[in-house]
Amino acid sequence: MEKKPVKVKDKTTGKEVELVPIKVWKLSPSGKKGIKMGLFQSPITKQYFRARVPDDYPEF
Numbered sequence: 003m004e005k006k007p008v009k010v011k012d013k014t015t016g017k018e019v020e021l022v023p024i025k026v027w028k029l030s031p032s033g034k035k036g037i038k039m040g041l042f043q044s045p046i047t048k049q050y051f052r053a054r055v056p057d058d059y060p061e062f
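Residue 51 in my numbering sits at position 49 of the sequence shown, with consecutive numbering throughout.
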């Protein structure tokens, strides 16, 4: 399975970049529809940050 890059805003630099998430998981509060979050690493600062990924993105 090939992981597709996602266009996200790098929270450490404020720039819009296309990155492949390191990990994807579903966040769902009780009784509500959940969202998918991804863990990314900034290519410039090497810091990790989380951002929302599309709902049809596969979890891994």
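Glycine is no exception: its CB is placed at the ideal position from the N, C-alpha and C atoms. Computed from a predicted model, the values in this text were never measured in an experiment.
* In its own chain, which residues sit with a C-beta less than 7 angstroms from the C-beta of Ser-44, not counting the 5 before and 5 after it? -> Residue mapping note: residue 44 aligns to position 42 of the sequence shown, counting from 1. Hits under 7 angstroms: Asp-12, Thr-14, Thr-15 and Phe-51.
* **Three-way DSSP call (helix, strand, coil) for Gln-49 in this model** => Numbered from 1 along the sequence shown, position 47 holds the residue referred to as residue 49. Note: Gln-49 maps to coil in three-state DSSP.
* Asked: Just the Cα atoms here: how many angstroms apart are Tyr-59 and Ser-32?
  -> Numbered from its first residue, the sequence shown carries residue 59 at position 57. Numbered from its first residue, the sequence shown carries residue 32 at position 30. Put simply, the backbone Cα of Tyr-59 is about 21 angstroms away from that of Ser-32.
* Should Gly-40 be labelled buried (16 or more other beta-carbon atoms within 10 Å of its own) or exposed? -> For the purposes of this step, residue 40 is identified with residue 38 of the sequence shown, where counting begins at 1. Gly-40 should be labelled buried.
* DSSP beta-bridge partners for Phe-42? -> Walking along the sequence shown from the start, residue 42 turns up at place 40. Answer is Phe-51.
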